[in-house]
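What follows is a single structure, written as structure tokens, with notes after it.
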Amino acid sequence: MIEKAYAEAISYSQRALILSRQSGDRMGEANALANLGYGEVFQAQQLESAPEVYETAIAYLEQGLELSERLGDGQSRALCYTSLGNAYVTLGEPQKALKFLESGIQASEFSGDLYIQAINLAHFAEAFYQLEDFSKAVLSASLAMYKLEQMGSNDWRQTAGLLTILQGRLGDSFQSVLEGQRSSILKAIGVDGYDYLPELLERYRTSA
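So the sequence shown is numbered by the working numbering: it starts at 820 and just counts up by one.
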């Protein structure tokens, strides 16, 4: 079902790209490139595709990024940065991913897109995990998990899965790492959000 949804989204974005180019709609073209690259990255992840499959998606996203920057299209720019970061995390290039994700956070804050902000944090967590910077991974994953769940997005479960892996890696020190990030978490989601994190993790574990 998920694969079908991504395939439909890609097909729609391909048609939108053709139509926008035919009509000279540059803003529509930037948006179509961003959505097309986003869809292809996520479909490749779902299908566990070979690395070379990402090359086409990255090319679309780079085109979309260049065009959206010229046009001042903040939302398309944020989506391109986030998708490029996601692609490079999946390809095991966390340093390159972080550069795009940092720009994605800034662009999504500027455009006010809370979902892309939260997805950026989820990809940050994956990148920091690959770099074995577990403290930053715990911080980013905790914020992403909470924000996505509060939006009603089921994507919170993937980040909860990463936090569960981190718990396994860190063992008894996980709680002290989380407490070490308490002040940063409180600034972002408040004391109620911080106190809700263990409940979310327990929900994930009991329903996984």
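Note that the Cβ used here is the ideal one computed from N, Cα and C, for glycine as well. Remember, it's a predicted structure, so these values are computed and weren't measured experimentally.
{"query": "Distance between beta carbons of His942 and Ala916, contact taken as under 8 angstroms", "result": "7 angstroms"}
{"query": "Asn850 classed as buried or exposed, judged by whether at least 16 other C-beta atoms fall within 10 angstroms", "result": "buried"}
{"query": "Three-state secondary structure (DSSP) of Gln1000", "result": "coil"}
{"query": "Cβ-based burial, Pro913 [other Cβ within 10 Å; buried from 16]", "result": "buried"}
{"query": "Secondary structure of Arg1022, DSSP reduced to three states", "result": "helix"}
{"query": "Meets three-Cβ-pair contact criterion under 8 angstroms: the region 981-995 and the region 933-940", "result": "no"}
{"query": "Alpha helix (DSSP H) segment containing Pro913, residue limits", "result": "913-930"}
{"query": "At least three beta-carbon pairs within less than 8 angstroms, the region 844-861 to the region 876-890", "result": "yes"}
{"query": "Burial state of Met964 (16 or more Cβ within 10 Å)", "result": "buried"}
{"query": "8 angstroms contact criterion, which Gly923 and Ala897 should meet: CB distance rounded", "result": "6 angstroms"}
{"query": "Continuous alpha helix (DSSP H) stretch holding Asn973: start and end", "result": "Per DSSP, Asn973 belongs to no alpha helix (DSSP H) and is neither H nor E."}
{"query": "Beta-carbon spacing of Gln894, Leu958 below 8 angstroms", "result": "no"}
{"query": "Candidates Thr901, Leu1016, Ser1003, Leu884: closest to Gln986 by CA position", "result": "Leu1016"}
{"query": "Secondary structure of Ala979, DSSP reduced to three states", "result": "helix"}
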